[in-house]
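Undergrad:
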Amino acid sequence: MSGCKHCRNGWFDGRFGEDVECVNGLLIDIDVAHEGPTDVDYPVAPCHPSWAAQQHGEDFVNDTEDRLASWRAA
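Encoded structure:
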């Protein structure tokens, strides 16, 4: 995500773990993003519209499957 105010091209400098980066608004390991399961709800990144809800433990729609499918197709 170039131009994102939360990360540097997907990287958080270890803020969420060593191998975790932002992939289309999800906090995920890049290898998992490419080849991992899509039926798992991954945590959302700070740029995701549901970030605040996740941080406060509120219910929100986790759109992992749609976001990974969109990213993989690009």
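Once you know that position 72 of the sequence shown is 79 in this note's numbering, the rest is easy, because the numbers rise by one and skip nothing. We put the beta carbon where it would ideally sit given N, CA and C, even for glycine.
Which ranges would you report for the alpha helix (DSSP H) in the stretch 38-66 if only whole runs of at least 4 residues count?
TA: Here the runs fully enclosed are 58-62.
Undergrad: Kindly indicate which three-state DSSP category residue 70 falls into: helix, strand or coil?
TA: Here residue 70 is taken as the residue at index 63 of the sequence shown, counted from 1. Of the three classes helix, strand and coil, the one that applies to residue 70 here is coil, per DSSP.
Undergrad: Give the C-beta separation of residue 51 and residue 33 to the nearest angstrom, bearing in mind that I take them to be a contact with Cβ-Cβ under 8 Å.
TA: Working through the sequence shown from its first residue, we reach residue 51 at position 44. Working through the sequence shown from its first residue, we reach residue 33 at position 26. With a Cβ gap of about 6 Å, residue 51 and residue 33 count as contacting.
Undergrad: With distances taken between CB atoms, is the gap from residue 28 to residue 17 smaller than 8 Å?
TA: Counting from 1 along the sequence shown, the entry for residue 28 is found at position 21. Counting from 1 along the sequence shown, the entry for residue 17 is found at position 10. Yes.
Undergrad: State yes or no: is the C-beta of residue 45 nearer than 7 Å to some heavy atom of the ligand GDP?
TA: Among the ligands in the structure shown, none appear at all, so the ligand GDP cannot be discussed.
Undergrad: Which residues in the same chain have their Cβ closer than 6 Å to the Cβ of residue 75, if we skip the five residues on either side of it in sequence?
TA: On the sequence shown, position 68 is the one that residue 75 refers to. Closer than 6 Å at the Cβ level, and outside the excluded window around residue 75, lie 45.
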